[in-house]
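For reference, the structure is listed below as structure tokens.
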Amino acid sequence: MPKRDRWEERNGDSGAAPAPHWDEAPRIRALITAYEGVPGALLPILHAIQDELGYIDRRAIPLVAEGLNISRAEVVGVIGFYTDFREEPPGRHVLKVCRAESCQAMGCEPLAEHLQSRLGVEMGGTTADGEVTLETVYCLGNCALSPAVMLDGRLYGRVTPARAEALLVGARP
Ligand code: FES
1 MPKRDRWEER
11 NGDSGAAPAP
21 HWDEAPRIRA
31 LITAYEGVPG
41 ALLPILHAIQ
51 DELGYIDRRA
61 IPLVAEGLNI
71 SRAEVVGVIG
81 FYTDFREEPP
91 GRHVLKVCRA
101 ESCQAMGCEP
111 LAEHLQSRLG
121 VEMGGTTADG
131 EVTLETVYCL
141 GNCALSPAVM
151 LDGRLYGRVT
161 PARAEALLVG
171 ARP
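The sequence shown begins at 1 in our numbering and counts up one residue at a time.
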């Protein structure tokens, strides 16, 4: 099922029910307030929430909608559209595999397949032990050293399946 549909199925679209109590709400409201009056604030706010929590908690949706005076459906639609936004808390480590053009030409697909099989998750998934989230990204700005990956915010180039495994072994206890 496409990401957007999953979101809508789980979160509904624009229901008028009040936001449930949530301990993080004051922190999220403060993030939203920081963008008050800024045009096109929805994407930066969603990125700020993901930076803060590691993902977009569905309880943030009504707060964002209220803060920007837009419908919850609009917020859900944007979250569902961009693969950057996570629906669930990530694992302890996040491994992003670039699957854009240059990396495709240099073998990122076999690398992605290897990692999915090795970790037992699909792209976007987290290992059962909560250690690693595997994600697709489209260009890490490291095309000259394709195929590229990013592990916990650190960029690596010319990554073979063996090197990716070594990176993971180094990151995991
Ligand atoms: S295409 Fe992969 S880093 Fe640019």
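All residues carry an ideal CB built from backbone N, CA and C; glycine is no exception. Predicted model, so just to flag it, every value in this text is computed and none were measured.
Reduced DSSP secondary structure (H/G/I, E/B, other) of residue i
i	result
Val75	helix
Pro38	Inspection of the sequence shows that residue 38 is occupied by Val rather than by Pro. Here Val38 sits in coil by DSSP.
Val159	coil
Leu134	strand
His47	helix
Ala16	At Ala16, the pLDDT of 49 sits below 50, so the modelled position is not reliable and the matter cannot be decided from this model.
Ile61	helix
Arg29	helix
Gly54	coil
Glu165	helix
Glu24	coil
Outcome for residue i when other beta-carbon atoms lying within 10 angstroms are tallied against a minimum of 16
i	result
Thr126	buried
Leu43	exposed
Val75	buried
Pro39	exposed
Glu135	buried
Arg72	buried
Asp23	exposed
Ala166	exposed
Beta-carbon proximity check, residue i vs residue j, cutoff 7 Å
i	j	result
Tyr156	Val149	yes
Leu145	Arg158	yes
Close-in-space but distant-in-sequence residues of the same chain around residue i (CB under 7 Å, 5 per side omitted)
i	result
Ile174	The structure shown does not extend to residue 174, since the chain is modelled only from 1 through 173, so no value can be given for it.
Ala41	Tyr35, Leu68
Other residues of its chain near residue i: CB distance less than 8 Å, five sequence neighbours each side excluded
i	result
His93	Glu131, Val132, Thr133, Leu151, Asp152, Leu168, Ala171, Arg172
Pro110	Pro161
Gly120	Thr127, Ala128
Glu88	Tyr55, Thr126
Same chain, Cβ closer than 6 Å to residue i, neighbours up to 5 away in sequence not counted
i	result
Gly15	Its pLDDT being 47, under 50, Gly15 is placed unreliably in this model, and the coordinates cannot settle the point.
ask   = At which residue ranges does the stretch 85 to 155 contain complete beta strand (DSSP E) runs of 3 or more residues, listed in the order of the chain?
value = Listed in chain order, the complete beta strand (DSSP E) runs (minimum 3 residues) inside the stretch 85 to 155 are 93 to 98, 132 to 137, 149 to 151.
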